[in-house]
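*Asks:*
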Ligand code: MRU
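Residue numbers (this note's numbering): 1 to 347.
(1) Just the Cα atoms here: how many angstroms apart are residue 277 and residue 1?
(2) Pick out whichever of 169, 186 and 271 has its Cα sitting closest to the Cα of residue 215.
(3) State yes or no: is the beta carbon of residue 268 nearer than 8 Å to at least one beta carbon in chain B?
(4) Measuring CA to CA, which of 307, 72, 3 and 52 is closest to residue 37?
(5) Would you say the beta carbon of residue 34 is closer than 7 Å to some non-hydrogen atom of ligand 1?
(6) Tell me which residues share the same chain as residue 237 and place their Cβ nearer than 7 Å to its Cβ, disregarding the 5 neighbours each side in the sequence.
(7) Look at residue 103 and residue 146 and say whether their C-beta atoms are less than 8 Å apart.
(8) Can you round the beta-carbon distance between residue 196 and residue 203 to whole angstroms, since I take them to be within the 8 Å contact cut?
(9) Is residue 43 helix, strand or coil when you go by DSSP?
(10) Run the proximity test for residue 233: is its beta-carbon closer than 7 Å to any non-hydrogen atom belonging to ligand 1?
(11) Taking 7 Å as the cut-off, is the beta-carbon of residue 133 closer than that to any non-hydrogen atom of ligand 1?
(12) Give the DSSP-derived three-state secondary structure of residue 348 in the structure shown.
(13) Can you look up residue 156 in the DSSP assignment and give me helix, strand or coil?
(14) For residue 122, which of 131, 111 and 132 has the nearest alpha-carbon?
(15) Count the other CB atoms, across all protein chains shown, that sit within 10 Å of the CB of residue 166; report buried if there are 16 or more and exposed otherwise.
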């Protein structure tokens, strides 16, 4: 029996309180909650993947904005400029997930109306609650995709650790399990940082959902052999035509599903849709440090002198997607009109 995890993100107290983040880099073996009182600590936590997953980094950044502005003790006339300066630093923390910029923009819009720290804090809290609500709706809209007796393959971590509430793609699985549907999950380990092995397996096992790990290269072969009935993934940014960025290794799964007629669905809240992008070509793909690939658990695994490329995400064309499970329902192709409506609701 796995004991329940502490919350991913908690704010304790009023606007003069502090943030608590569950350090995801230490899971599954150690459960350490970080007490965070400064914006530079929030930025470090986002960049170091102590807090990670598109909706979760948006919520953490919103609270980071409160902390950063509070540190400045601004004159009332400089308040908005202070908020904007802190916002710029936070948005730069990670480039791919649009949820981060979306969360910061929502908070900025709130303080443009009422420029006080209290109002900024209220906006961050509201955003946190909205993300929880959206997660619940993702589960409800998506759970009928999971057929009794099926095998569902998922990639990276899209659960309670990656988003508020029940997460995104995993929210669908938790909702199906609560509804009594029997199914099993194959979770990609998700090299190089092993979000699937360390986090997804932990969350599913804790919920009593049967789960087995796969090395990332195994998924397409099992899809081809008819051993997978559904692939569910999350997203970090979705363009208007349905092209989307998600954890590196998502695209080969989409290709295999398209080649073998297996349904491939992406599950994401309104905060992940970027209406400013007509297609995926404008999505910035984060390149992380090569040592994440050349080293494993602090040990060098590649020969000395050999470097590595480390794109953290890849781009899946919308034409390979069977549907998007959004908090406003399941979108079918062609996606433009549906995505416009969902994305506008999140703005
Ligand atoms: O680098 P990470 O761990 O933040 O990447 C997370 C993912 O790619 C998730 O699939 C994505 O954020 C969508 S689900 C919350």
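Built from N, CA and C at the ideal position, the CB exists for glycine as well.
*Replies:* The structure says:
(1) 45 Å
(2) 186
(3) The displayed structure is made up of one protein chain only, and chain B is not part of it.
(4) 72
(5) no
(6) 96, 97, 98, 244, 245, 272, 274 and 283
(7) no
(8) Not really, about 10 Å apart at Cβ, beyond 8 Å.
(9) helix
(10) yes
(11) no
(12) Nothing can be reported for residue 348, as the shown portion of the chain is limited to 1 through 347.
(13) coil
(14) 111
(15) buried
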